Amino acid sequence: MSQVGLRKWHRWVGFASAPFLLFATLTGIFAGIAEMTSEDEEAREKARERTSGVKLPAPATAVSEPIAKAMTKAAPRAEGAPVDKVLVDFKADPPTVTICLGKPGGGEDRKLVCDARTGDVLREERYEDKPFLTRLHSGEALGDWGLVFGTAWGLALLLLLGTGLVIYWAMRRPNRTGWRRLFW
């Protein structure tokens with residue numbers, strides 16, 4: 010392809026891709042800020058400094074007892090709810106067992122965070138597998154076609170980067186020296 014043709018292609022693909030790239034940029038920025046300022050991030054930072062009280066080889070009861078206590082105490086609050094997953098965090102203060110509950114027809118519902126030592130329910134939270142901003146950034150919040158478009162705008166960015174580098178390389182003047190050789 011000639012340099013003129015490559016520039017035209019780069020310009021038109023860039024023009025068509027700009028709204029999608031702007032969307033990806035803004036949602037990425039918002040998702041990053043939300044992640045950095047969330048309470049979960051602060052708790053993870055503090056947990057990195059602690060050492061777990063459970064060490065290998067550990068008896069099976071080190072895991073099974075906290076789960077059994079949490080399931081017993083959580084049962085009256087969520088009678089008949091399907092359990093999607095159970096997470097045990099030995100480094101939390103206090104150590105916790107998180108029971109993620111689904112809806113009978115499918116989908117996520119809520120999660121119960123229980124004290125691993127007593128099984129008492131500490132708090133009940135909304136349960137989503139991924140935060141909304143993360144799903145929006147990837148396009149997943151818009152369904153399967155959102156993921157397709159998210160992949161397409163990622164590929165468009167790569168193509169624009171590649172064609173931009175080719176155009177830049179072709180426009181460079183070979184006789185320039187020093188820092189001026191990087192600019193045209």
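Numbering (the working numbering), first residue to last: 10 to 193. For every residue, glycine included, the Cβ atom is placed at its ideal position computed from N, Cα and C. Here the structure is a predicted model, which is why all the values come from computation and not from measurement.
With a threshold of 8 Å on Cβ separation, who are the neighbours of residue 37 within its own chain once the five nearest residues in sequence on each side are excluded? Exclusion of the five residues before and after residue 37 leaves 146 as the residues of its chain whose Cβ lies within less than 8 Å of its Cβ.
Identify the continuous alpha helix (DSSP H) that holds residue 53 and give its terminal residues. Residues 48 to 58.
What three-state label does DSSP hand residue 194 in the structure shown? As displayed, the chain neither begins before 10 nor continues past 193, which places residue 194 out of reach and without an answer.
Looking at C-alpha atoms only, which residue of 153, 62, 179 and 120 is the closest neighbour of residue 101? Minimum Cα distance to residue 101 is reached at 62.
Would the region 79 to 87 count as touching the region 123 to 134 if we require 3 or more Cβ pairs under 8 Å? Contact between the region 79 to 87 and the region 123 to 134 is present, because at least three Cβ pairs lie under 8 Å.
What is the DSSP secondary structure of residue 149, reduced to helix, strand or coil? Residue state, collapsed to three classes: helix.
Between residue 76 and residue 92, is the Cβ-Cβ spacing less than 8 Å? Remark: C-beta atoms of residue 76 and residue 92 do not approach each other more closely than 8 Å.
Look up residue 13 in the DSSP assignment and say whether it is helix, strand or coil. If DSSP states are grouped into helix, strand and coil, residue 13 belongs with the helices.
Please go through the same chain and pick out, in chain order, the residues whose beta-carbon is closer than 8 Å to the beta-carbon of residue 86, but skip the five residues on each side of it. Excluding sequence neighbours, residue 86 sits near 121, 130 and 133.
So the alpha helix (DSSP H) residue 70 belongs to, where does it begin and stop? Here the alpha helix (DSSP H) through residue 70 covers 70 to 83.
Reduced DSSP secondary structure (H/G/I, E/B, other) of residue 95: Here residue 95 sits in strand by DSSP.
The beta strand (DSSP E) spanning residue 110 covers which residue range? Unbroken beta strand (DSSP E) run through residue 110: 105 to 111.
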